[in-house]
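Protein sequences, first through last, are from chains A and B.
Per this note's numbering, residue 27 is the first one in the first sequence, and the count goes up by one each step.
Per this note's numbering, residue 27 is the first one in the second sequence, and the count goes up by one each step.
All residues carry an ideal CB built from backbone N, CA and C; glycine is no exception.
There are 2 protein chains.
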Amino acid sequence: MSGFKHLAFYGVCGGLLIVALQFVRYRFLVLEHSVEVYAVIVAAGFAALGIWLGITITGRPVVVKEVTVEVQVPAPAGPFEPDLAKIESLGITPRELEVLQLIAEGLSNKEMAERLFVSENTVKTHASRVFDKLGAGRRTQAVQLAKSQGIIA
Amino acid sequence: MSGFKHLAFYGVCGGLLIVALQFVRYRFLVLEHSVEVYAVIVAAGFAALGIWLGITITGRPVVVKEVTVEVQVPAPAGPFEPDLAKIESLGITPRELEVLQLIAEGLSNKEMAERLFVSENTVKTHASRVFDKLGAGRRTQAVQLAKSQGIIA
DNA sequence: GGCAGAATCATTCGAAAGGATGACGACGGG
DNA sequence: CCCGTCGTCATCCTTTCGAATGATTCTGCC
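Here it is as structure tokens:
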């Protein structure tokens, strides 16, 4: 969906939203409720929508409140040195780390099994365990998490 | 101005707003700008709209105390510059690139479908195409290849 | 106004991945 | 000597992926 249809879709959504707001507004006015309260609700709603959009689009939290813009500088380049403390704290074993690295290189379970001279089942076990420890449900997610935490290169 | 006219006015405004947002979105996406930046703009816009609504409706200023948005941008250590030439030469489309990035973030096809407002089938199609263009058979491999070639962060 | 490139969605199938468990031998430290 | 950790392997079952196609709709462009 794009082009005219695209625009029309969003336009209609926007229109409906506004109409709904108007409806709510009238209901509130008729019911003699505080206009201020209504305004706050609407404002809060839009703010929430904005924040939600931020979260949805970026996929990461948008923190509201503090007045600072922090910038994370994760990778200063240089020869990668794994965060042993992090690995330790997560209880990741050497073998699991090995499997994790191979996963990051894009190998399938079968390929890893061949390279490590073990059965595919064993690889899957290691993978499952390391996913668990990383809190990942997918290998791609595990890779993303591991890299962002300095566990693997 | 009231009644239908009233509603129509607001509807049109809403529609135009959304259309504008879409326009901005595509500009940003096509120009490969940071999605985070875009999200912040949208969020700030909606928040501002909410505040404006509050002021307009109540007829009195809404005191906004320290409402700032803190966004954690992952790696501005040399703001990643995608290799447009490489992307071009491989014939990777904007949508495919988008899917590729989400894959790298560890999302499943279903999650991507929800975030992009398309069907899972569509996501799978984009994924297949981009795998083809990258010469990858697995998503993890695609991520590895794309990163090593400066296609994605 | 037609055409190429996109984006969209669908169907079907087989392969890969993942979850849940259970088990067994090796090794090391109480 | 017993227990805990690690590494190994297995089975069963569900979900997800990926390949191969075909079709439709939009958009941009000549």
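Item, Value
"Limits of the unbroken alpha helix (DSSP H) element including B:PHE157", "146-160"
"Residue span of the alpha helix (DSSP H) that contains A:LEU123, given as start and end", "120-130"
"Three-state secondary structure assigned by DSSP to B:ALA172", "helix"
"Reference A:LYS159, options A:PRO105, A:ILE113, A:VAL144 and A:LEU128, closest by Cα", "A:ILE113"
"Opening and closing residue of the alpha helix (DSSP H) in which A:ARG141 lies", "135-142"
"B:PHE143 classed as buried or exposed, judged by whether at least 16 other C-beta atoms fall within 10 angstroms", "exposed"
"Residues from the region 159-172 of chain B in contact with chain A, defined by Cβ distance under 9 Å", "ALA162, GLY163, ARG164, ARG165, THR166, GLN167, ALA168, VAL169, GLN170 and LEU171"
"Local conformation of B:ALA179 per DSSP, three classes", "coil"
"Minimum C-alpha distance to A:ILE178 - residue among A:THR148, A:GLY161, A:THR119 and A:GLN127", "A:GLN127"
"Residues in the region 114-132 of chain B having any Cβ partner in chain A nearer than 9 Å", "LEU128, ILE129, ALA130, GLU131 and GLY132"
"Limits of the alpha helix (DSSP H) - the one that B:GLU107 falls within", "Here B:GLU107 belongs to no alpha helix (DSSP H), and DSSP marks it neither H nor E."
"Heavy atom of the ligand NAP within 7 Å of B:THR151 beta-carbon", "No copy of the ligand NAP occurs in the structure displayed, which carries no ligand at all."
"Best match in A:ALA153, A:THR148, A:GLY132 and A:ARG121 for proximity to B:SER174 [C-alpha to C-alpha]", "A:GLY132"
"Proximal residues to A:VAL50 (C-beta, below 6 Å), its chain only, five neighbours per side dropped", "Model confidence at A:VAL50 stands at a pLDDT of 43, short of 50, so the residue's coordinates are unreliable; what they give is reported in the following sentence. Once the five neighbours on either side are set aside, A:VAL50 has no close Cβ partner at all."
"Integer Cβ distance of B:THR148 from A:ARG165, believed to fall under 8 Å", "In fact, because the Cβ distance is near 23 Å, the residues do not count as touching under 8 Å."
"Minimum Cβ-Cβ distance from B:SER154 to chain A less than 8 Å", "no"
"Own chain, CB closer than 7 Å to B:VAL125, minus 5 neighbours either side, in chain order", "MET138, VAL149, HIS152, ALA153 and VAL156"
"For B:ARG165, three-class secondary structure by DSSP", "helix"
"Min CB distance B:SER145 to chain A below 8 Å", "no"
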